[in-house]
Each structure stands twice: as structure tokens, then as C-alpha cells.
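Residues in the sequence shown are numbered consecutively from 1, following the working numbering. To keep things clear, I will list the structure first and then write my remarks on it.
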Amino acid sequence: MSPAILEARALGFGYGTKAVGRGVTLEVRPSEVLCLLGPNGSGKTTLFKTMLGLLPLQAGEVRLDGTPLSTLARGDIARRVAYVPQAHAAHFPFSVIDMVVMGRTAHLGLFASPTAEDRRRAAAALAALGIAGLAGAEYTRISGGQRQLALIARSLAQEAPAIVMDEPTASLDFGNQVLVLGEIKRLAASGLAIVLSTHDPDHAFSVGHRVALLDGGRLIAQGAPHEVLTAERLRAVYGVSVAIERVAGGQTVCVPDYGAPAARLTGIS
Numbered sequence: 001m002s003p004a005i006l007e008a009r010a011l012g013f014g015y016g017t018k019a020v021g022r023g024v025t026l027e028v029r030p031s032e033v034l035c036l037l038g039p040n041g042s043g044k045t046t047l048f049k050t051m052l053g054l055l056p057l058q059a060g061e062v063r064l065d066g067t068p069l070s071t072l073a074r075g076d077i078a079r080r081v082a083y084v085p086q087a088h089a090a091h092f093p094f095s096v097i098d099m100v101v102m103g104r105t106a107h108l109g110l111f112a113s114p115t116a117e118d119r120r121r122a123a124a125a126l127a128a129l130g131i132a133g134l135a136g137a138e139y140t141r142i143s144g145g146q147r148q149l150a151l152i153a154r155s156l157a158q159e160a161p162a163i164v165m166d167e168p169t170a171s172l173d174f175g176n177q178v179l180v181l182g183e184i185k186r187l188a189a190s191g192l193a194i195v196l197s198t199h200d201p202d203h204a205f206s207v208g209h210r211v212a213l214l215d216g217g218r219l220i221a222q223g224a225p226h227e228v229l230t231a232e233r234l235r236a237v238y239g240v241s242v243a244i245e246r247v248a249g250g251q252t253v254c255v256p257d258y259g260a261p262a263a264r265l266t267g268i269s
């Protein structure tokens, strides 16, 4: 079995002295998609930021290629793991191509400027996501969904062997969701390690090799999608009744049972 690129061991995470999660152990390997599911407020984004070294550990350890993350320089981390945030507030009128070229920063020396090759790789990343026509557009003036695709393109241009994606399809219409999920499958097939969070069990069934289910900052279950995402477990975590069905072509889907009342409303993370 290939060694883990990114792993968390008995991780405790939160903000300052406030604990959000405890005892979480995860790992993602080359050619694998790990999908993290959980209700709003369960700690998914906080977990990701801690695994990336953007928030200090409260307990446990994060390892990158077997090396403790705490011993690595930021540049070393950036060359190994790319990050696609859940949302991005645009304040400066950069062009889309310039935003994507920023993904090449990890490969540049101090005070170095992007080269023609860096711009070529950024353009190729935009083309891979079908948004090459936005290259010259002002980043602050494109739609939220288009900005999300540009951020994914930036992570591709970074050319790291692992990508962490925080709800990469959240702002996208159905067509662009299909496009991004297809790109995620292609990237994993090419050897990348990908961990992503999603609210949609169907996405996990579609692209996930493994699933981790988080609730209240605790890891409830981890394993193959069909083992973790059962109707009983989803009801316990989300408070709604669902059915897991296999449709034509062998695809598994999660269908809500509207005849049963919701058991709870979750907070906003």
C-alpha cells in the first residue's frame, strides 16, 4: 500500500483555547479521494485548517509524507499540499489568470517573478476546468461559482501531490458540479491524493474511495462509502430519514424520505 501523503493522528483542533474537535485520525494516500461529511458546525473547516498548519494543534500530530508538519517550512508544505478554501473574499481587481498564477508561488524563489512557463501552466489549469475564456476577466466581477472554479484552477497550477478542498462544489450549478467531480476523479487517477468536504452523500458515492463522517468534532465512522453512509447512520448524524438506493448503471444515491419529520436543525458553521 502506498504511504500516506497527509495524515492526522489523534488530532485535537479548535480556535485558541476553544476546542472544536478531538481524537480525529485520518489519512489520505496517492490516487485516493477521501470525502469528509458532517453537519454544519461539525468542525470540517477547522479540521482542514489545522491539518494544513493554518491553525495550531491543540492535541495530536499532523504528518506530511511521514514528517511532522510542525518541522516543515511553509514553502515545503505549499509544494506538497494545495488548498481550495470554501469561500474567498476578493478585494483587489486581479485578473483571473493572475489569481491562478499565484498557485505557482511555491515554486518560485525569493523575489522571483512568474515566468512564461508559469503562465502557461496556469492557462492549462483554467482550460482543464473549461474556463479558459475567463483568463482576462477581473476576478472581483465574476460570479461566485466562477471564482470557485478559478480557485480550483489555482490549486491545479500549484502542482502539489495532495489537494485539500473545502466544499469545492458549494457555489456551483449542476453542470459545473459534474465538471468538478469529473476533474477530481481524473486527478486521483493520475496519482494525486485528494481530501474534500461535502454536504452531499451522492458526491461521496460518486468520487470517494473512502469516507469519514464527522459529528460534533468527533469521527463517527470511516471506511468505504457503502459501509459508512448507511441510512441509519445518516439519520443519526443529520436528523433526517433517507434511503440508500442503487440506480441504473450501478451508481448509489441517497434519497430523502419526506414522509418522516426532521429530528433536528443544525447550526451554521
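Virtual Cβ for every residue (Gly too), placed ideally from N, Cα, C.
May I have the straight-line CA-CA distance separating Ala170 from Gly130, to the nearest angstrom?
18 Å
C-alpha gap between Met99 and Leu151, whole angstroms
8 Å
Under the three-state reduction of DSSP, which class applies to Ala135: helix, strand or coil?
coil
Our contact map puts Ile194 next to Val33 with C-beta atoms below 8 Å; I'd like the distance itself, whole angstroms only.
5 Å
Proximity winner among Gly41, Leu55, Leu47 and Ser31, relative to Gly16 (alpha-carbon distances):
Leu55
Can you name, in chain order, every residue of its own chain whose Cβ lies under 6 Å from the Cβ of Pro93, other than the five neighbours on each side?
Glu138 and Thr140
Count the other C-beta atoms from every protein chain shown that fall within 10 angstroms of the C-beta of His91, then say buried if there are 16 or more, exposed otherwise.
exposed
Cutting at 6 Å between CB atoms, please list the residues of its own chain near Val207, excluding the five before and the five after it.
Val33, Leu181, Ile184 and Lys185
Identify, in the order they occur along the chain, each residue of the same chain with its Cβ nearer than 7 Å to the Cβ of Thr266, setting aside the five sequence neighbours on each side.
Summary for Thr266: the model assigns pLDDT 43, below 50, so the residue's position carries little reliability, and this model does not support an answer.
Output yes or no for whether 7 Å exceeds the beta carbon distance between Leu229 and Pro256.
no
In the DSSP assignment, find the alpha helix (DSSP H) that holds Asp76 and state where it starts and stops.
Arg74 to Arg80
Does the segment 121–135 come close enough to the segment 155–172 to have 3 or more Cβ pairs within less than 8 Å?
yes
Between which two residues does the beta strand (DSSP E) harbouring Val33 extend?
Glu32 to Leu37
If contacts are defined as beta-carbon pairs under 8 Å, then Arg22 and Arg218 qualify, I think. What distance do you get, rounded to the angstrom?
7 Å
Starting from Pro225 and walking both ways along the alpha helix (DSSP H), at which residues does that stretch end?
Pro225 to Val228
Length of the line joining the Cα atoms of Ser269 and Gly216
A caution first: Ser269 carries a pLDDT of 38, below 50, which makes its placement in the model too unreliable to give a value.
Just mark Arg74 as buried or exposed, buried being the case when its beta carbon has 16 or more other beta carbons within 10 Å.
exposed
Indicate the three-state DSSP secondary structure (helix, strand or coil) for Leu129 in the structure shown.
coil
Taking the alpha-carbon of Val96 as reference, which of Leu64, Gly133, Pro168 and Asp76 has the nearest alpha-carbon?
Gly133
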